[in-house]
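Peer 1:
Numbering (my numbering), first residue to last: 26 to 175.
#1: Would the beta-carbon of residue 101 fall within 8 Å of that of residue 81?
#2: Threshold first: 4 residues or longer. Then list the alpha helix (DSSP H) segments lying entirely within the stretch 33-67, N to C.
#3: Roughly how many angstroms separate the alpha carbons of residue 148 and residue 165, rounded to a whole number?
#4: Between the beta-carbon of residue 66 and the beta-carbon of residue 90, is there less than 8 Å?
#5: Residue 86 by DSSP, collapsed to three states: which one?
#6: Can you tell me the Cα-Cα spacing of residue 96 and residue 162, whole angstroms?
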């Protein structure tokens, strides 16, 4: 995943520098006042997080990295004869913050396929579990079992 790691590393390095500058220049700045009812009410209305990946606006709807769903449907790469964006494109956007090219999406899809083998011991582990095991528990066990080959 050298291409993706490289792009992500570039973005992360620049962001780290920006955050250090913000904290150095404004680290003691107050951004909100909090009431006990807000605290006990699930932190509603408290400005307390920084995020870039998505924003849910009650009027405009959800945006991913600043793009609306119609914009993403239009701009993200699609498969041959496809009408909808490929999931690899949205993954790339969320991780790197840029609309990927068709070649970048193709490369990422190839990377995922090349890494898609599930070792036989994972299936044996899942088969050994009780049949009524919750699906999320099965998922966690499978991911943990794959650690040996990651």
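A virtual CB, placed ideally from N, CA and C, is assigned to each residue, including glycine.
Peer 2: On the basis of the data shown:
#1: no
#2: 61-65
#3: 13 Å
#4: no
#5: strand
#6: 36 Å
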